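Everything on this sheet refers to the single structure shown next.
Number of protein chains: 2
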Amino acid sequence: MYIESPATTAPQTSHSETEELAILCKALGHPARITILRHLLTEDRCICGRIVEVMPLAQSTVSQHLKILKESGLVLGEVEGPKTCYCVNRNKLTELFTAMSTLCRQEEEQ
Amino acid sequence: MYIESPATTAPQTSHSETEELAILCKALGHPARITILRHLLTEDRCICGRIVEVMPLAQSTVSQHLKILKESGLVLGEVEGPKTCYCVNRNKLTELFTAMSTLCRQEEEQ
DNA sequence: CTCCTTCATCGTTAATCTACGATAAGCGAT
DNA sequence: ATCGCTTATCGTAGATTAACGATGAAGGAG
């Protein structure tokens, strides 16, 4: 099972809506991480090594980006023997989309 | 008139869709900048000094955040005598929302 | 048990970010 | 011409980020 918020990676302190959105935006504030997220969305589930193959980055760098995505909550990781399978946390992605919608449509209120 | 992309602040090199989204997300990857954007959306137009009053940050720090927002294209600045009036670039905000929608809804395709 | 694969983590370096005070530049008013 | 207001920029310090190679841990295969 995918664990939503492992205590080791996501301290899960309480954030304001603004802080939470900032965290998610920051996680997507690098082209490599957007590419990874896109890849995970099209592949649904993906082994870390497969992502490394696709990206022009060292394995350790990709692992670091994955860690940041995991810490933001946008991505979930599941250990499968020697491999680690990643997938997108749809709930978190929806949360991001909702928050972004609220922000972008704020002008229309009032 | 508000200038869309002053050559001095926005080099306007060609970016891929992923890079462009990353730039916009990075610009919103700090709570202070989200707060500023929100404030500009509710106030429509706003003098820099007014933003400084609202934020718990030094004037120079706010000015720096505004510069980052300007460079991303999300915010436009217009000099009015000794003051500078800021407003949100609705086109860019829509562009961000569209790109985010495409990203978040990618799962539904295929 | 020993290799091999897979991946996270460590250590490092260079770059960037964040925050601040201080300063400079531009403009209006006196 | 000078003063005061407003804002951008400079310089700086500390923290964080991004990239890499190297190492280590965990599990499967022989």
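Order-wise, the sequence lines are chains R and L.
FYI, in the working numbering the residues of the first sequence are 43 to 152.
FYI, in the working numbering the residues of the second sequence are 43 to 152.
Note that CB positions come from ideal geometry on N, CA and C, so glycine has one too.
This one's a predicted model, so the numbers in the text were calculated from it and none came from an experiment.
Under a 10 Å Cβ-count criterion, residue 133 (chain R) is classified as exposed, with fewer than 16 other Cβ atoms of the shown protein chains found around its own Cβ. Pairing residue 146 (chain L) with residue 139 (chain R), the inter-Cα distance amounts to about 7 Å. At least one CB of chain R lies nearer than 8 Å to the CB of residue 148 (chain L). Rounded to whole angstroms, the Cβ separation of residue 82 (chain L) and residue 88 (chain L) is 5 Å, and the two are in contact under 8 Å.
Rounded to the nearest whole angstrom, the C-alpha separation of residue 95 (chain L) and residue 125 (chain R) is 52 Å. Note on the region 79-140 of chain L: whole beta strand (DSSP E) runs with a minimum of 3 residues are 87-89, 117-122 and 125-130, in chain order. Taking 8 Å as the Cβ-Cβ cut-off, the region 129-141 of chain R approaches chain L at 130, 132, 135, 136, 138 and 139, given in chain order.
In the structure shown, residue 70 (chain L) adopts coil according to DSSP, grouped into three states.
Distances from the alpha-carbon of residue 148 (chain L) to those of R:98, R:99, R:130 and R:59 put R:130 closest.
Think of a sphere of 9 Å around the beta carbon of residue 80 (chain R): the chain L residues whose beta carbon falls inside it are 60, 145 and 148, in chain order.
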